[in-house]
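In the working numbering, the protein residues as written are -1 to 244.
For each residue, glycine too, the CB sits at the ideal point set by N, CA and C.
Structure first, then comments.
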């Protein structure tokens, strides 16, 4: 919560200087995530078979690029169902977890999948719930009615950012992001082509490569995303390499 209230990005902050140790930690985290993705590969079998059943048996087209928020919720529930069912089957046929090699082989994919769900789904759920809150009203109320100088000082960044309209929010975040990354040549170069965010209607899904206008240097977002400035920052950094689509 502190990142969304007291520690929101601010234009008065100095550019970030990356310590070599931080890059090493980032590389270690990336390698760990890659290893975990390989370990959890067996748990991808059941969802894949389910998609084949939907497409070839039920004759229902499964077009992932047209993913909607409803489908994302279904996918999330499917993750928990897949983990629960797999754990139940392993418990049934292998028994409870032990330190024996064969037992560990069966439980390692389950542990890797559990880590993935905790690291991925919990932040996504928090962000989605945070986006639903009427932050603009909260910010204006705090700014207008708060009599405490301590409250005003603590929530100064929150009130400043969330009082803005959507277009001014995205412009502010992009300006702060480029300023804060100016001391990091790699990240600064990565963001150099990004000119602006473009807010598109909610009914247009942002999947399958339809996430940006390469010619104009624009990244597409939904209006509700402006309620989560860290989502905008992550989206900008992730979708700024213009040679490929995620």
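Measuring CA to CA, which of the options is closest to residue i?
{"i": "residue 182", "options": "7, 8, 21 and 4", "result": "21"}
{"i": "residue 166", "options": "36, 89 and 225", "result": "225"}
{"i": "residue 8", "options": "154, 75 and 235", "result": "154"}
{"i": "residue 171", "options": "217, 227 and 222", "result": "227"}
{"i": "residue 199", "options": "223, 212, 214 and 83", "result": "223"}
{"i": "residue 221", "options": "231, 209, 229 and 197", "result": "197"}
{"i": "residue 129", "options": "217, 164, 113 and 108", "result": "164"}
{"i": "residue 47", "options": "36, 80, 35 and 112", "result": "80"}
Short of 7 Å in beta carbon distance, which residues of its chain neighbour residue i, apart from the five on each side in sequence? Order them along the chain.
{"i": "residue 137", "result": "156, 157, 160 and 161"}
{"i": "residue 0", "result": "none"}
{"i": "residue 279", "result": "Because residue 279 is not part of the residues shown, which for the chain are -1 to 244, the question remains open."}
Distance, Cα to Cα, residue i vs residue j?
{"i": "residue 63", "j": "residue 204", "result": "Caution is warranted here: a pLDDT of 48 is assigned to residue 63, below 50, making its placement in the model unreliable, and the coordinate value is therefore given only provisionally. Rounded to the nearest angstrom, the two C-alpha atoms are 8 Å apart."}
{"i": "residue 118", "j": "residue 143", "result": "37 Å"}
{"i": "residue 173", "j": "residue 43", "result": "43 Å"}
{"i": "residue 90", "j": "residue 102", "result": "15 Å"}
{"i": "residue 10", "j": "residue 194", "result": "20 Å"}
{"i": "residue 179", "j": "residue 106", "result": "38 Å"}
{"i": "residue 241", "j": "residue 140", "result": "Unreliable positioning characterises residue 241 in this predicted model, as indicated by a pLDDT of 45, which lies under 50. A coordinate reading is not provided."}
{"i": "residue 19", "j": "residue 33", "result": "21 Å"}
{"i": "residue 192", "j": "residue 133", "result": "27 Å"}
{"i": "residue 135", "j": "residue 86", "result": "46 Å"}
{"i": "residue 116", "j": "residue 185", "result": "27 Å"}
{"i": "residue 217", "j": "residue 122", "result": "20 Å"}
{"i": "residue 231", "j": "residue 125", "result": "13 Å"}
{"i": "residue 5", "j": "residue 114", "result": "26 Å"}
{"i": "residue 215", "j": "residue 168", "result": "14 Å"}
{"i": "residue 147", "j": "residue 23", "result": "39 Å"}
{"i": "residue 219", "j": "residue 209", "result": "8 Å"}
{"i": "residue 68", "j": "residue 75", "result": "11 Å"}
{"i": "residue 40", "j": "residue 100", "result": "15 Å"}
{"i": "residue 104", "j": "residue 201", "result": "41 Å"}
{"i": "residue 82", "j": "residue 53", "result": "24 Å"}
{"i": "residue 120", "j": "residue 37", "result": "20 Å"}
Step through the CB atoms of chain D and report whether any lies within less than 8 Å of the CB of residue i.
{"i": "residue 139", "result": "This model lacks chain D altogether, as it is built from one protein chain only."}
Quick check on the burial criterion: 16 or more other C-beta atoms within 10 angstroms. Buried or exposed for residue i?
{"i": "residue 233", "result": "buried"}
{"i": "residue 187", "result": "exposed"}
{"i": "residue 110", "result": "buried"}
{"i": "residue 72", "result": "exposed"}
{"i": "residue 17", "result": "exposed"}
{"i": "residue 149", "result": "exposed"}
{"i": "residue 58", "result": "exposed"}
{"i": "residue 244", "result": "For residue 244, the pLDDT reaches just 39, beneath the cut-off of 50, and the residue's location in the model is therefore unreliable, leaving the point undetermined."}
{"i": "residue 229", "result": "buried"}
{"i": "residue 108", "result": "buried"}
Can you give me the Cβ contacts of residue i inside the same chain, cut-off strictly under 8 Å, excluding the 5 residues immediately before and after it?
{"i": "residue 3", "result": "152, 153, 155 and 156"}
{"i": "residue 189", "result": "175, 176, 179, 234, 235 and 238"}
{"i": "residue 88", "result": "104, 105 and 108"}
Which same chain residues end up closer than 6 Å to residue i when comparing Cβ atoms and leaving out the 5 residues on each side of it in sequence?
{"i": "residue 211", "result": "none"}
{"i": "residue 13", "result": "178, 180 and 181"}
- the segment 95 to 102 / the segment 21 to 32 touching (three or more Cβ pairs under 8 Å): For the pair of segments examined, the segment 95 to 102 was found not to touch the segment 21 to 32: the number of CB pairs separated by less than 8 Å stays below three.
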